[in-house]
Amino acid sequence: MTDSTESFDVDAALAALTAQVEPLIAEHPDAVIVGVETGGAWIGERLHAHFELASPMCTINISFYRDDFSMVGLHPSVGPSNIPAEIDGKTVILVDDVLYTGRTVRAALNELFDYGRPSAVKLAVLVDRGARELPFAPDAAGLKLDLEKDRRIKLTGPEPLRLTMR
Numbered sequence: 420m421t422d423s424t425e426s427f428d429v430d431a432a433l434a435a436l437t438a439q440v441e442p443l444i445a446e447h448p449d450a451v452i453v454g455v456e457t458g459g460a461w462i463g464e465r466l467h468a469h470f471e472l473a474s475p476m477c478t479i480n481i482s483f484y485r486d487d488f489s490m491v492g493l494h495p496s497v498g499p500s501n502i503p504a505e506i507d508g509k510t511v512i513l514v515d516d517v518l519y520t521g522r523t524v525r526a527a528l529n530e531l532f533d534y535g536r537p538s539a540v541k542l543a544v545l546v547d548r549g550a551r552e553l554p555f556a557p558d559a560a561g562l563k564l565d566l567e568k569d570r571r572i573k574l575t576g577p578e579p580l581r582l583t584m585r
């Protein structure tokens, strides 16, 4: 593995993601955005503000739903989800920063369905880095990369947002 760090243009990736989410919002104007803590929430907040949605911005903390929880132990950001919007019968746009194995998406769906039964869940990610272990694909992705398993991509923020790969 290389020690070099590479940066990506977050604004360009966010603009591409916003353009792909736009038809989803047009088709489902009562959509609810749910951002996965923490990076997905940062991206979700930007999408929510851009589209000026009537429903409140929601966040979801998936720490207790991770299937690797016993291996990694208690994560310091364990906290409650914040779902003030009604999601029953609504289209939920689930937002995450990086889609990799699909395990975060699986955990987010488990947590989300504790709050209700959406009519559909659309997945929007800032980065799709490939190498899935579970059968999930994004409905919208700002940046698509094909990375080797030893490469890591990370979003830091919230201000400014920065996307780096090691």
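Per our numbering, the very first residue in the sequence shown carries number 420; after that it's consecutive.
Backbone N, C-alpha and C define an ideal beta-carbon position, used for all residues, glycine too.
These figures come from a predicted structure and were not determined experimentally.
ask   = What does a CB cutoff of less than 7 Å around D430 pick up in its chain, not counting 5 residues either side in sequence?
value = Locating residue 430 in the sequence shown gives position 11, counting from the first residue. Cβ neighbours of D430 beyond the five flanking positions: none.
task = Tell me the start and end of each unbroken alpha helix (DSSP H) in the segment 501-538 that is at least 4 residues and wholly inside, in chain order.
result = 522-531
query = Taking the continuous beta strand (DSSP E) assigned at I452, which residues delimit it?
reply = Here the question's residue 452 lines up with position 33 in the sequence shown. Segment V451 to V455, the beta strand (DSSP E) holding I452.
inquiry  = In this structure, how does DSSP classify T437 when only helix, strand and coil are distinguished?
reply    = Locating residue 437 in the sequence shown gives position 18, where the first residue counts as 1. T437 falls in the helix class under three-state DSSP.
request  = Give the single residue among T583, A450 and D569 whose Cα lies nearest to the Cα of T575.
outcome  = The residue given as residue 575 occupies position 156 in the sequence shown. That would be T583, whose Cα lies nearest to the Cα of T575.
query = Is it true that the CB of V514 sits closer than 8 Å to the CB of G459?
reply = Along the sequence shown, read from residue 1 onward, the residue named residue 459 stands at position 40. Along the sequence shown, read from residue 1 onward, the residue named residue 514 stands at position 95. Going by C-beta atoms, G459 is nearer than 8 Å to V514.
query = Counting along the chain, where does the beta strand (DSSP E) carrying E425 start and finish?
reply = On the sequence shown, residue 425 is found 6 positions in, with the first residue counted as 1. Residues E425 to F427.
Classification of A432 by the beta-carbon crowding that lies within 10 angstroms, buried from 16 upward = As a first step, residue 432 must be located in the sequence shown, where it is residue number 13. Its Cβ being crowded by 16 or more others within 10 Å, A432 is buried.
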